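Position one of the sequence shown corresponds to residue 884 (our numbering), numbered consecutively onward.
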Amino acid sequence: MNSAELTPPQPLAGEQSKMKPKIKKDLAEQLAPKIIDMARARSMRAGDPLREESFAKELGVSRSPIRRGFALLAELGLATKEPNRGYFLTADARGIDSRKLPLEVDPFEDFYLRVVDDVLRGDIPTTFFEAELMRKYEVPRGQLMKVLNRLANEAMIERKPGQGWEINSFLHDSKAHIQSYRFRMAIEPAAVLEPGYEVDKAAFAKARETQQKMLDGDIFNLSRSQLFQIGAQLHELVVRCSGNAFFLEAIRRQNQLRRFMAYKANVDRPRLINQCKEHIHLLDLIESGQREAAAEFLRNHLDVVGRQKTDKEAKDELEYQRSLEISVVS
884 MNSAELTPPQ PLAGEQSKMK PKIKKDLAEQ LAPKIIDMAR ARSMRAGDPL REESFAKELG
944 VSRSPIRRGF ALLAELGLAT KEPNRGYFLT ADARGIDSRK LPLEVDPFED FYLRVVDDVL
1004 RGDIPTTFFE AELMRKYEVP RGQLMKVLNR LANEAMIERK PGQGWEINSF LHDSKAHIQS
1064 YRFRMAIEPA AVLEPGYEVD KAAFAKARET QQKMLDGDIF NLSRSQLFQI GAQLHELVVR
1124 CSGNAFFLEA IRRQNQLRRF MAYKANVDRP RLINQCKEHI HLLDLIESGQ REAAAEFLRN
1184 HLDVVGRQKT DKEAKDELEY QRSLEISVVS
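Structural data, given as structure tokens:
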């Protein structure tokens, strides 16, 4: 018997692609853009290793989803896996075209927003247990845990020692909302004026395209979380180009904390039209080298938006309290 007879039959090229394991993309698609953003902030270059522990610690997740994020980057050609060594970037992080990266989409978006609404309205107690919510929403534990883990990653809730979960008290602090915008008014313009500021042209092009799509109608079609995500990503992009990792980390933390205060107020979609136009003008100022003008424009933009949202949140809260009084009387 010759050696050829011992060689097992090889699958055809088309069959090989079918046999290739599929990457589970729900959480991977959420993490991949964040991994690249971190790599840019660290000025990582082609051939640099992607360390699971480091990325997991900074993004506040376990190593398993980070590994899936790396695998998705490899699938997109942005990273490569070497046996027994792990994953490595295939290009300089600052040169990666952000348009290749997926927009974060959660398959349980509707259920997630329902839970968020109930938390913000006070329909879920400050301390709660998984079994209570499984009965309340009539969903399997696996689906509930995906939403709870997402809320925990976003700092809306945290797991208590032992059993149960606790809602972050920050969510109902109206003063914190004002302080958040004032903090951003100090940090974001300063980031634009950093001496090492370098425009990511591909990412700016993608951001401008996204803002234009919103003006063309997406404002009235996207969910609240998607609208928030787009705005937060644009502001993170502006700060990231400063090359200052401390500024970027501060803004990311602010975005986590203010996400649900933004959800608390009903989305004033027509008002977003002007915000999109201002975002595009901000990108134009930065790209044309007018960074001092951009910093001043950004500060005024945040001041106006912050006051508008604070006023609207107060109005929505008053209307909600009145509705409760009416329901009690009736």
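Ideal Cβ positions, reconstructed from N, Cα and C, are used throughout, including at glycine. Predicted model, so just to flag it, every value in this text is computed and none were measured.
Would the beta-carbon of residue i fall within 9 Å of that of residue j?
| i | j | result |
| --- | --- | --- |
| L1165 | L1181 | yes |
| L933 | A962 | yes |
| H1118 | I1102 | no |
| G1047 | T1010 | yes |
| L942 | K917 | yes |
| F1216 | E1077 | It is not possible to answer for residue 1216, since the shown part of the chain is limited to 884 through 1213. |
| Y1064 | V944 | no |
| I1113 | Q1095 | no |
| R1142 | F1111 | yes |
| L1159 | L1098 | Checking the sequence shown, residue 1159 turns out to be Cys, not Leu. Yes, the pair counts as a contact, with Cβ atoms nearer than the cut-off. |
| S840 | E992 | Any property of residue 840 remains undetermined from this structure, which presents the chain solely from 884 to 1213. |
I believe residue i touches residue j by the beta-carbon criterion, under 8 Å. Please report the beta-carbon distance rounded to the nearest angstrom.
| i | j | result |
| --- | --- | --- |
| V1002 | I949 | Not quite, the Cβ-Cβ distance comes to about 27 Å (not below 8 Å), so this is no contact. |
| E1037 | Q1137 | Contact doesn't hold; Cβ gap of about 12 Å is too wide. |
| F938 | M927 | Actually they do not touch by this definition, with Cβ atoms about 11 Å apart. |
| D980 | A1085 | 4 Å |
| A924 | V1075 | Between V1075 and A924 the Cβ distance is about 16 Å, and since that is not below 8 Å, they are no contact. |
| L1185 | M1068 | 5 Å |
| L1016 | L1034 | Their Cβ separation, rounded to whole angstroms, is 11 Å, which puts L1016 and L1034 out of contact at 8 Å. |
| G1126 | G1079 | 4 Å |
| F1066 | V1022 | No, F1066 and V1022 are not in contact; Cβ-Cβ is about 37 Å, not under 8 Å. |
Might you give, ordered along the chain, the residues of its own chain that have their beta carbon closer than 7 Å to the beta carbon of residue i, omitting 5 neighbours on each side?
| i | result |
| --- | --- |
| T973 | A929, G960, L961, A962 and T963 |
| D931 | F971 and L972 |
| F1053 | A1059 and L1140 |
| F1012 | Q1046 and G1047 |
| H1162 | Q1094 and L1117 |
| I1070 | F1130, A1133 and I1134 |
| E1170 | V1082 and F1087 |
| N1157 | none |
Which same chain residues, not among the five before or five after residue i, have their C-beta less than 6 Å away from its C-beta?
| i | result |
| --- | --- |
| I1007 | D1001 |
| V998 | V1030 |
| E1120 | Note that residue 1120 is Leu in the sequence shown here, rather than Glu. Excluding residues within five positions, the ones whose Cβ falls inside 6 Å are A1086 and A1090. |
| K908 | Confidence at K908 is low in this model, with a pLDDT of 49, below 50, so the placement of that residue should be treated as unreliable; the coordinate-derived value is given next. None. |
| A1128 | A924 |
| P1072 | A1178, L1181 and R1182 |
| I1040 | L1034, W1048 and I1050 |
Looking at the strands, I want to know which residues DSSP matches up with residue i.
| i | result |
| --- | --- |
| E1041 | E1049 |
| K964 | Y970 |
| L933 | Y970 |
| F1011 | W1048 |
Short of 8 Å in beta carbon distance, which residues of its chain neighbour residue i, apart from the five on each side in sequence? Order them along the chain.
| i | result |
| --- | --- |
| D1083 | R923, R977, S981, L1120, R1123 and C1124 |
| E935 | R946, I949, R950, F953 and G969 |
| P904 | Reliability of the predicted coordinates at P904 is poor, the pLDDT of 36 falling under 50, and the value obtained from them is presented with this limitation in mind. There are no such residues. |
| G1100 | none |
| R1115 | Here residue 1115 is Ala; the residue named in the question, Arg, does not match the sequence. Around A1115: N1138 and R1142. |
| K1043 | T1010 and E1049 |
| Y1020 | F994, R997, V998 and L1027 |
| R1174 | V1075, L1076, Y1080 and L1168 |
| G1025 | none |
Inside the region 1065 to 1106 only - beta strand (DSSP E) runs reaching at least 3 residues
none
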